[in-house]
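Inspection log for the structure reproduced underneath, given as structure tokens.
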Ligand code: GLC
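Numbering (the numbering used here), first residue to last: 8 to 767.
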């Protein structure tokens with residue numbers, strides 16, 4: 008509880024309330040976005056996660072007998088004069104009482120009363136189920152090699168953001184504190200959710216809107232959105248700890264092509280380096296990297312190399328020497344470099360809080376990138392340290408932070424974010440106009456602006472297939488759409504059945520990579536024999552078929568922050584059956600998947616929300632709002648398309664470099680539908696200069712006549728595809744088709760589909 012308000016001031020978008028000890032700053036960013044900061048002195052600066060800019064926004068401040076009232080068009084915040092406790096009312100029915108703020112020497116927190124039937128979502132990379140109510144989490148980036156269980160916490164990434172949701176409305180909180188923070192979602196006291204920290208600012212954003220989608224949009228207004236990835240980054244990726252020597256890498260690539268299994272990227276893990284020295288290649292294992300890259304490129308492969316932050320202590324190693332001479336490494340308070348053990352043995356760690364160090368680190372990538380390395384994989388960047396009690400660097404290490412030194416306690420959670428900034432800078436610098444691809448293990452809110460995130464060292468356990476679904480769903484709700492778990496499981500030995508079930512769900516992960524630990528049973532798509540290879544190939548091809556749809560979902564995310572992989576509750580917030588649903592997912596708003604994550608199971612209950620749904624495999628139509636028992640023999644994962652969906656698809660190719668030819672599939676079941684399709688070159692940064700097309704495709708069915716209209720909403724990429732096939736699934740009964748008003752003759756594909764050709 009705080010003291011009573013003595014005076015208040017309004018300057019620009021800021022309302023400052025002063026009490027005897029502390030000040031409460033309320034900054035209005037938008038009608039539904041306000042920052043509340045409680046500080047002993049002046050307002051706390053925002054962290055690097057925050058990119059939202061101030062704009063002119065109308066708001067009203069009024070003083071009542073017992074409270075101060077601040078209102079925007081969407082919400083009203085009441086601050087009680089006697090203790091600064093708050094109440095918030097939202098225009099669409101939200102009411103939050105008893106918001107209690109605490110700011111003491113070693114405790115800062117905010118507690119909010121939990122509403123009736125409230126669910127909590129978000130919080131980024133956390134294990135457990137979809138709804139986080141009743142659990143408590145810590146945000147402290149941590150390398151966790153132990154098997155991840157429902158209660159394992161913290162993990163590698165910190166997203167101090169959650170959504171409170173019930174049928175009366177929703178809100179979001181982003182706690183802008185990079186120190187170790189906690190989120191108690193009603194565990195210690197079931198009547199309230201409390202977030203806080205021992206150190207750092209009590210500065211949080213309150214986000215309000217009508218729907219959960221508005222909250223995510225608001226959160227990504229604050230922390231930024233993803234740039235469009237290059238299309239190859241959305242293909243299937245193959246990784247292992249580690250593929251070497253060079254001949255094995257080339258053989259791997261050839262095997263994919265020989266077996267006709269699509270694959271876009273191969274990863275080199277730490278064994279490619281000379282004694283784990285970053286930015287080097289082991290000359291014996293990789294005698295001619297350039298030639299290897301050339302041959303891989305000819306086969307349509309991209310190459311991603313791992314780069315860890317630890318720089319080997321070695322007086323003969325140029326990266327170490329430069330870092331030491333220029334004092335680029337993190338030091339203790341006496342200025343002595345911190346040395347900790349990681350893969351290369353004793354190592355020093357670049358101080359990524361400094362812009363000169365980020366620049367230096369970016370420069371170190373020059374040779375790799377100019378040689379033809381296409382993507383960079385940042386790992387161990389929590390940073391993980393093997394020989395300290397905390398498994399990271401001590402919290403009193405110093406980061407110089409461009410002249411405003413801070414301790415590691417403050418910088419720890421954003422160490423990886425800053426490393427990713429440097430890496431993205433390198434990719435943009437040395438591959439001008441090409442879209443960067445970066446994968447990171449550790450992360451903080453805002454990471455979506457720089458990198459994809461994978462969920463670290465999972466295991467070849469059935470439980471980890473199950474765990475991956477809510478984990479990725481919540482990461483998507485937390486602003487990071489580009490996320491995935493190691494398909495097949497990293498540690499431990501995978502089995503044929505587990506691999507099959509994993510690849511079936513894995514092809515729907517926004518980031519789709521098979522990765523495997525050192526010395527474990529091989530898990531390439533052919534490693535488990537013919538049956539598994541056949542099924543894996545079929546599902547990887549399904550991903551390639553869906554690539555245009557997936558790419559368009561990334562565009563949506565780039566525009567408004569929407570996740571690619573979505574929990575059902577995001578699309579059906581009025582349906583209570585979806586509130587806890589963790590084991591089904593939606594890809595965008597039109598495809599629903601229900602993975603199998605238990606051995607021996609060949610049938611499962613699938614809930615289909617309102618509307619009609621079409622079985623992907625059989626074309627059978629189901630009425631929504633019900634549960635069904637759906638057959639799932641080993642070669643099938645239950646998969647449904649929303650009736651009336653228009654889905655851009657492609658013919659599967661062996662890699663995206665082969666080109667993607669888009670056609671639209673119209674699924675039956677409704678009288679009219681429309682879809683907005685985004686098109687660009689999928690590889691360069693030209694879309695940022697407006698070089699793209701937007702089409703609207705409209706479908707209308709009257710009796711036995713179908714009308715298709717395709718119009719250009721925006722057209723600045725004339726090199727795009729000239730015409731599109733439109734395929735009517737279940738279209739055998741269609742007699743007459745009008746395209747932009749002209750009658751055309753459909754082409755019969757088979758007994759279930761007909762197609763036409765449309766030029767917009
Ligand atoms: C870490 C990573 C894993 C990688 C290994 C070796 O355990 O999480 O993906 O393969 O280090 O680099």
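C-beta atoms are modelled at their ideal positions from N, C-alpha and C, and glycine is treated no differently. Quick caveat, the model's predicted, so the values are computed rather than measured.
Asked, Found
"Among 302, 269, 253, the one whose alpha carbon lies nearest that of residue 291", "253"
"Complete alpha helix (DSSP H) runs within the region 542 to 579 (minimum length 4 residues, chain order)", "575 to 578"
"Cutoff 6 Å; reference residue 751; Cβ partners in own chain excluding five residues on either side", "744, 763"
"Distance CB(residue 307)-CB(residue 664) smaller than 8 Å", "yes"
"Bridge partner(s) assigned by DSSP for residue 761", "735, 755"
"The ligand ADP heavy atom lying under 7 Å from the CB of residue 430", "No copy of the ligand ADP appears in this structure; the ligands present are the ligand GLC."
"Residue range of the alpha helix (DSSP H) that includes residue 522", "Run containing residue 522: none; DSSP gives neither H nor E here."
"Check: residue 409 C-beta below 7 Å from any heavy atom of the ligand GLC", "no"
"Which listed residue (766, 736, 484, 83) has its alpha carbon closest to that of residue 759", "736"
"Residues of its chain near residue 134, where Cβ-Cβ distance is below 6 Å and the 5 sequence neighbours each way are ignored", "155, 157, 159, 474"
"Per-residue DSSP class, three states only, for residue 803", "Outside the displayed range of the chain (8 to 767) lies residue 803, so it cannot be described from this structure."
"Test item: CB-CB of residue 680 and residue 722 under 8 Å", "no"
"Sequence-distant residues of the same chain with beta carbon closer than 6 Å to residue 28, five excluded per side", "10"
"Start-to-end residues for the alpha helix (DSSP H) that takes in residue 661", "Neither: residue 661 is in no alpha helix (DSSP H) and is coded neither H nor E."
"The region 296 to 312 touching the region 653 to 672, judged by at least three CB pairs closer than 8 Å", "yes"
"Member of 101, 79, 110 whose CA lies at the smallest distance from the CA of residue 92", "110"
"Sequence-distant residues of the same chain with beta carbon closer than 6 Å to residue 372, five excluded per side", "433"
"Closer than 7 Å: residue 522 CB and nearest the ligand GLC heavy atom", "yes"
"Residues that DSSP places opposite residue 456 in a beta bridge", "Note: residue 456 sits in no beta bridge, so no partner."
"Closer than 7 Å: residue 434 CB and nearest the ligand GLC heavy atom", "no"
"Heavy atom of the ligand GLC within 7 Å of residue 463 beta-carbon", "yes"
"Residue from 606, 287, 59, 670 whose Cα sits closest to the Cα of residue 704", "670"
"Spatial distance of residue 756 from residue 626 (CA atoms)", "15 Å"
"Spatially closest choice to residue 713 from 733, 695, 726, by CA coordinates", "733"
"Cutoff 7 Å; reference residue 192; Cβ partners in own chain excluding five residues on either side", "127, 139, 140, 141, 142, 143, 200"
"Neighbourhood of residue 269 by C-beta, 7 Å cutoff - its chain only, sequence neighbours within 5 removed", "242, 243, 547, 548, 551, 659, 660, 661, 662"
"First and last residue of the uninterrupted beta strand (DSSP E) at residue 67", "67 to 70"
"Residue 533, enclosing beta strand (DSSP E) - first and last residue", "Run containing residue 533: none; DSSP gives neither H nor E here."
"Residue 46 versus 108, 55, 77, residue with shortest Cα-Cα distance", "108"
"The ligand GLC heavy atom lying under 7 Å from the CB of residue 248", "yes"
"The ligand GLC heavy atom lying under 7 Å from the CB of residue 448", "yes"
"The region 608 to 615 in contact with the region 518 to 536 per 3-pair CB rule at 8 Å", "no"
"Classification of residue 678 by the beta-carbon crowding that lies within 10 angstroms, buried from 16 upward", "exposed"
"From 592, 649, 183, residue whose alpha carbon lies closest to that of residue 484", "592"
"Cβ shell of residue 543 (< 6 Å), same chain only, five flanking positions each side left out", "510, 532"
"Residue 276: CB within 7 Å of a non-hydrogen atom of the ligand GLC", "yes"
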